[in-house]
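Student:
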Amino acid sequence: MKKIDRYSHLLFTLPAVALYAIFFIYPMINGFLYSLTDWDGLSKEKNFIGLSNYKNLITDDRIHGSLGFTFKYAIALVVLTVIFAVIIALLLNRVRKFQSFYRTSYFFPAVLSMITVGLIWNQLFAHALPMLGKAIGYAPLSKNILSDPTLAFYGILFVSLWQGLAIPVLLFLAALQSVPKDLLEAASLDGATAVQRFRSVVVPFLIPVLNMVVILTAKSGLTAFDYIVAMTGGGPGKKTETVGLLVYNFAFQEFKFSYASALAMVIFVIIAIVSFVQIRGMSRYEVNA
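Here it is as structure tokens:
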């Protein structure tokens, strides 16, 4: 009977394993194999060229610029998301009246698609913001900031934070509510200040959520695509072309499918390394560590 139960458990996992293998493992292996060829994505012929695509990635100035922008964007997104999400969660945790209203308000942007958000803010930056800048006499806002190579970065980052803070805020809020009140009271009786209580009592309970938020936000930053397509298209002058958009452009605009596959594999390795370092580095500070 126990043997039958064991096999029945395995049977229940088969659909999930099959879907994971079909939609993740197989495409990843296939993508790696394509990266070792010169396939353009259209022709039937594809010749094995080994690691030539990976060697070309190292010397491609366009990729260097894209990686520089992407890393800058991802780091800024992670840092600001964690800071603002924790601050907002702390404020919401203190609210006693209209809790549901405030939480729903902060979560609302998360239900919108990234393309929709990008298109809406693109129009706001192109029309509404310049009108406001001219009305108040502030020159930097009197033009479309997305047309400026420097200011476009901050416009994209702002929109990413506006929508991307919703889920991290709720996750940190849930973690804050899991902190035992008796520990906070004991620390207060021992003379600990608010900052000391937060650092010594609250932070260890936030570490698991912090790991999740950092990894998901870093992945979102390193693979940014939707906002860029909707707001700048990688411009002006390819200054906002992320590696995610570059993979798309190589594959479907320039028909360098194998080259795009090689770049996608590099992004996968980078995300895996970042995730591993983050989990290993922060796990020691968890409550149960």
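Taking my numbering, the leading residue of the sequence shown gets 2, the next gets one more, and so forth. Ideal placement from N, C-alpha and C gives every residue a C-beta, glycine not left out.
I need the DSSP call for T60, collapsed to helix, strand or coil.
Tutor: Helix.
Student: Return the residue from the list D183, H128, A167, W122 that minimises the CA-CA distance to G156.
Tutor: Of the candidates D183, H128, A167, W122, the one whose C-alpha sits nearest the C-alpha of G156 is W122.
Student: Is the distance from the Cβ of Y107 to the Cβ of A176 below 8 angstroms?
Tutor: Contact flag unset, no.
Student: Measuring straight from C-alpha to C-alpha, what distance separates M266 and F33?
Tutor: Between M266 and F33, the C-alpha separation is close to 7 angstroms.
Student: Are three or more beta carbon pairs between the region 232-245 and the region 63-73 nearer than 8 angstroms?
Tutor: Contact between the region 232-245 and the region 63-73 is present, because at least three Cβ pairs lie under 8 angstroms.
Student: Contact between the region 192-210 and the region 108-118 is defined here as three or more beta-carbon pairs at a separation below 8 angstroms; is this criterion met?
Tutor: Judged by Cβ distances under 8 angstroms, the region 192-210 makes no contact with the region 108-118, as fewer than three pairs qualify.
Student: Considering only residues of the same chain and omitting the five flanking positions on each side of L158, which have a CB-CB separation below 7 angstroms?
Tutor: Same-chain partners within the cutoff: Y74, A77, L78.
Student: Please classify Y21 as buried or exposed, where buried requires at least 16 other C-beta atoms within 10 Å of its C-beta.
Tutor: Label assigned to Y21: exposed.
Student: Looking at P131: is its Cβ nearer than 8 angstroms to the Cβ of S143?
Tutor: Against a cut-off of 8 angstroms, the Cβ pair of S143 and P131 comes out as a contact.
Student: How would you call I64, buried or exposed, if buried means at least 16 neighbouring beta carbons within 10 angstroms?
Tutor: Buried: at least 16 other Cβ atoms inside 10 Å.
Student: What's the call for F49, buried or exposed, on a 16-neighbour Cβ count within 10 Å?
Tutor: It counts as exposed.
Student: Kindly confirm or deny that the region 257-274 and the region 49-59 touch, where touching means at least three C-beta pairs closer than 8 angstroms.
Tutor: Counting Cβ pairs under 8 angstroms, three or more are found: they touch.
Student: Within 8 angstroms (strictly less), CB to CB, does W163 reach chain C?
Tutor: Absent from the structure is chain C; it holds one protein chain and no more.
Student: If I follow the unbroken alpha helix (DSSP H) through D183, where does it start and stop?
Tutor: 182-190 is the span of the alpha helix (DSSP H), which, as asked, contains D183.
Student: Between which residues of its own chain and A90 is the CB-CB distance below 7 angstroms, once the five residues before and five after are set aside?
Tutor: Within the same chain, A90 has close Cβ partners V170, F173, L174, L177.
Student: Pull up the distance between the alpha-carbon of F85 and that of M232, whole angstroms please.
Tutor: In a straight line, the C-alpha of F85 is about 23 angstroms away from that of M232.
Student: For a test of the three-state rule: what should DSSP assign to M2, helix, strand or coil?
Tutor: Caution is warranted here: a pLDDT of 47 is assigned to M2, below 50, making its placement in the model unreliable, and the coordinate value is therefore given only provisionally. Coil.
Student: I'd like to know whether the C-beta atoms of L223 and I271 end up nearer to each other than 8 angstroms.
Tutor: Yes, they are a contact pair.
Student: Near M213, which residues of its chain fall below 7 angstroms by C-beta distance, leaving aside the five closest residues on each side in sequence?
Tutor: For M213, where only same-chain residues beyond five positions count, the Cβ hits under 7 angstroms are L172.
Student: By DSSP, does F226 sit in helix, in strand, or in coil?
Tutor: Three-state DSSP puts F226 in coil, outside helix and strand.
Student: Starting from R200, trace the alpha helix (DSSP H) in both directions and tell me its first and last residue.
Tutor: Here R200 belongs to no alpha helix (DSSP H), and DSSP marks it neither H nor E.
Student: Per DSSP, which residues does T38 bridge with? Please list them.
Tutor: In DSSP, T38 forms a bridge with F49.
Student: Leaving aside the five residues before and after G134 along the sequence, list all residues of the same chain whose C-beta is less than 8 angstroms from its C-beta, in chain order.
Tutor: A140, P141, L142, S143, K144.
Student: When we look at the beta-carbon of G235 and count the other beta-carbons within 10 Å, is it buried (16 or more) or exposed?
Tutor: So G235 counts as buried.
Student: Give, in chain order, every unbroken run of the alpha helix (DSSP H) that is at least 4 residues long and sits entirely within the region 87-121.
Tutor: Listed in chain order, they are 100-108.
Student: If you check the beta carbons only, do Y228 and S161 fall under 8 angstroms apart?
Tutor: Closer than 8 angstroms, so yes.
Student: Do G42 and F258 have their C-beta atoms within less than 8 angstroms of each other?
Tutor: Closer than 8 angstroms, so yes.
Student: For F256, which residues in the same chain have their Cβ closer than 7 angstroms to its Cβ, ignoring the five residues on either side in sequence?
Tutor: Answer for F256: D41, G42, L43, listed in chain order.
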